[in-house]
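Beneath this line is the structure, given in structure tokens, with notes to follow.
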Amino acid sequence: MSMINNLGTRLFKSVTDKAGDLGDKFEEEFARLSQNITAEVDAIVTEAISLSGYIKVALVILCILLILAIIRFSAFGFRCMFFKAWDWIRANESKPPPQVILLMPTGDGKYRPTTTVYADPQTKSVIDRIQRESFELFNEYEHEPIRMKPPKLGAIKNSR
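Offset between the sequence shown (1-based) and my numbering: plus 41.
Have a look at this one:
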């Protein structure tokens, strides 16, 4: 029995020694890894701190460029709107006066245009009056009374 106990004790001692050696190696490797990581992080932080002045300058330059681009595109937009408005005003100023062609009734109930084209507004009103009177004379034209209400649906269906 003593031999089994002695064998068990030696085996246990051997396993614990191996485990201790492995633990020590793991601790050494982990310490070395953490030191490497810490050194890398320190290098990155010191690099970022040394570059922070350059980063600030670069950000200021980018902000200035962005503001200049906004001003340029805004000025371009305002210029486009100004020229569109200017073209619209010039187009309205250069519009020719309205032309009036008098239609004279013929005997067969049709109309023929006169050879004269009238562009004066006062002449247009006189021609409109003549045209209305000629409709009344030659076609027995009657004006419908001006309705104040819209027609009823039943009246529209019956007229068809």
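Idealized CB from N, CA, C, for every residue including glycine.
Top-ranked residue by Cα proximity to residue i, from the options
| i | options | result |
| --- | --- | --- |
| residue 150 | 91, 74, 175 | 175 |
| residue 152 | 172, 133, 166, 162 | 172 |
Residues near residue i by beta carbon distance below 6 Å, same chain, minus five either side
| i | result |
| --- | --- |
| residue 117 | none |
| residue 86 | none |
Own chain partners of residue i with C-beta closer than 8 Å, once the 5 adjacent residues on each side are dropped
| i | result |
| --- | --- |
| residue 106 | none |
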